[in-house]
Every structure is written in structure tokens, then in C-alpha cells.
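Residue numbers (full-length UniProt numbering): 1 to 256.
C-beta: ideal position from N, C-alpha, C; glycine also.
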């Protein structure tokens, strides 16, 4: 049986708490979240700060995910590799859903479309590959926010832009939605970027389990949602399955 090291587990728990917070977290808040004494929490946080995995805000004294950890955890995703590994699966996703399919990555604070498959009908459509979109108002962006601390930090501390009356601009509500994304394994954005348009998305992981991209579909609200604007379960399941299939192309879930 593998030996479990308590201090490592606690340090990992601290990083997990900080990863989902976009504002500095106080020592007291961390201690409560972890169920530890302040002195114990302080020792762990100071060690993480010393190695660059945690930063301390000079004004509030609160703690944030450190630049050193973000650099360590980041990787330059090869967009050509993403396209090539996702190509067949996104073609099938567009065909089976009858909607446009996209694969996107986090880039410079935005959602970057790495691959776009047209909706399989005769309507006029524009290529979106290479275009950028807001993180908080798209399903693809919400997946990246839910799993990538760099994306959360990129939102900054200012107000979130509103694109429609349904855009989630309240940070507390957005953080709750991101927790739901991690629980469900998929994200939705209904009329948050454009009226009458909805999107569903799921994560794409590499061999290590790190989320490196998001895959999803976009189309009319009445095609992706029911009469109460709730995402159709069958389509959400299809998107999740596609994300898992692309993840396997990157080695995730494969037995060595």
C-alpha cells in the first residue's frame, strides 16, 4: 500500500482552495476550509510561498495561487495537434448533434477557437477558427475556468462584461456555476453571449489528467434546450462522450 503523506495532502488542499478563488483568501478562511489550526495552516502556506506556489497580496495579506505554480502547470498546447486529434470526433459531434462543433483552448485571457466544424445544413456560416471569445459568457470558457487556475486569474478583479440580460456577471454566482461544472463534467451557456444562442461544452484532458482544451456545440436555444431553457440531457451526454474520446487521443484513461 502506498504511503500517504499528510503534509502533502494538506498542501494540495490549500492549492485546490486557492485555485477556485479569484480574490485573495485570508489565513483564517483557509484554516476554516481545511479544518486546521491557524498555526498549522500558516506553516504550510509559508512553505508554499517560499517555493513560489503561493503569492501573498501586499494590501490584504491574503493568499493567491502563485505565478510559479501557474507557470509550472501551464503548457503550450500545439493547436495543430489539438485539431488533428479532435478532427474525426468533432466531425461526428457536428453530424450527430446537427450543430456547429468547436474545440477551444485558453489563450491570453480568452477562449481561442482551435477548430470549428460547420453546422451540417445549407445555411451561410463563417469560419471561427482563430477567433476569440469571453471566458465567462461561453460554455467553452466556463469549462476552461472550472479547471484552469490561469483562466480564473485572467478574469481580474474588475466587473464582468454583460453581453445579454442572461450573462452571468455576479462573481459568486459564476463560482457556483464552475463548481457545478466540475460536479457534472459539462458546462452550458444559454443566451449569455448572443440572444437565441446556446452552447454546451466538456473538458479535454491530456495523459496526466490536466484539462488542456474544451469541446462543445453551439446553436439555437430551441435546438439545445427544452421549453424551460434547460440543456437537453442527450446533447450534454454526447458532448461529454466526445470530450472523453478526444482525451483518449491524448492518452488520458489509457492503460500504459
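Secondary structure of residue 16 (DSSP, three-state): helix. Ranking 23, 6, 55 by CA distance to the CA of residue 36 puts 6 first. Where residue 149 is concerned, the enclosing alpha helix (DSSP H) starts and stops at 149-154. Here residue 95 has 120 as same chain residues with Cβ atoms under 7 angstroms from its own Cβ, once five neighbours each way along the sequence are excluded.
Residue environment: residue 165 is assigned as exposed (fewer than 16 neighbouring CB atoms within 10 Å of its CB, all protein chains considered). As the crow flies, the alpha-carbon of residue 14 is around 9 angstroms from that of residue 54. Your pair residue 214 and residue 104 checks out as a contact, with CB atoms roughly 5 angstroms apart and the cut at 8 angstroms.
Residue pairing for residue 171: DSSP places it in no beta bridge. Short of 7 angstroms from the beta carbon of residue 252, and not among the five residues preceding or following it, lie these beta carbons of its own chain, in chain order: 205, 206, 207, 209. The three-state reading of DSSP puts residue 138 in coil, since its state is none of H, G, I, E or B. CA-to-CA, the gap between residue 31 and residue 211 works out to about 28 angstroms. In the three-state scheme derived from DSSP, where H, G and I count as helix and E and B as strand, residue 46 is classed as helix. CA-to-CA, the gap between residue 51 and residue 66 works out to about 9 angstroms. Per the C-alpha coordinates, the member of 41, 40, 89 positioned closest to residue 217 is 89. Non-local C-beta neighbours of residue 109 in its own chain, meaning closer than 6 angstroms and more than five positions away in sequence, comprise 154, ordered along the chain. Contact between residue 239 and residue 200 is confirmed by a C-beta separation of about 5 angstroms, below the 8 angstroms threshold.
Residue 25 is positioned such that its CB atom lies closer than 8 angstroms to that of residue 18. Straight-line spacing of the CA atoms in residue 197 and residue 38 works out to 47 angstroms.
Looking at the DSSP output, residue 203 bridges to 214.
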